[in-house]
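Report on the following structure.
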């Protein structure tokens, strides 16, 4: 069964304190792995799509990496405005449905 | 360019009453999705449209939920009758590619409370 598990559930960091969020997945043939950011009261906002193991993508203070079993979202020198819930999802190559994780709630304190 | 527009933003109804949500996707996006999101969880797909055709409605509770996408643009999701367990945020999203690999654009959602 296709499955996505994110950890930790919540993460509190001081401003400037770098860390990583984890997304572990099992899928029968990966078409793509997605990272989204969700602010309170809003819908998820697309960040990245990763397609194959070894791929990396960057956007400002965020860098996403992918292996055959998991993805990491690295946050370098975060700022309070990076506070949000980060969602991971995978798409199998057998259909177009996304399997979503429950998200990691990131809180950056000034 | 306007994003995905949803209305209403909030809705409070009594159980057994009907409710409807409306979505206007990004212009030119042929694929439209309705998701339900409970607190602390990821979104759960209810239905996916390619133009006006519902191509994946396997997780839509068809005894009480219905959806339509007339002319392949705007869409409406309806619940009748609503149950307490339907309380959630209902999200609409659209994408330019059928696969969604370039990302979905989500609306801000409708927060439904059933009392």
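Protein chains in written order, with our numbering: chain R, 1 to 110; chain L, 1001 to 1115. Note that CB positions come from ideal geometry on N, CA and C, so glycine has one too.
- Of the residues R:67, R:26, R:62 and R:34, the one whose Cα lies closest to the Cα of residue 82 (chain R) is R:62.
- Residue 109 (chain R): member of the beta strand (DSSP E) spanning 104-109, first to last residue.
- Contact between residue 1051 (chain L) and residue 1085 (chain L) is absent: CB atoms are separated by about 31 Å, not below the 8 Å threshold.
- In the DSSP assignment, residue 64 (chain R) is bridged to R:57 and R:73.
- Taking the beta carbon of residue 42 (chain R) as reference, the chain L residues within 7 Å of it are 1108, listed in sequence order.
- Excluding the 5 residues flanking it on each side, residue 7 (chain R) has same chain C-beta neighbours closer than 6 Å at 22, in chain order.
- Assigned with DSSP and collapsed to three states, residue 1078 (chain L) falls in strand.
- With a cut-off of 8 Å on Cβ pairs, the stretch 55-73 of chain R is in contact with the stretch 12-32 of chain R, counting three or more such pairs.
- Per DSSP, residue 1053 (chain L) is one residue of the beta strand (DSSP E) stretching across 1053-1056.
- A straight-line Cα-Cα distance of about 17 Å links residue 1075 (chain L) and residue 1112 (chain L).
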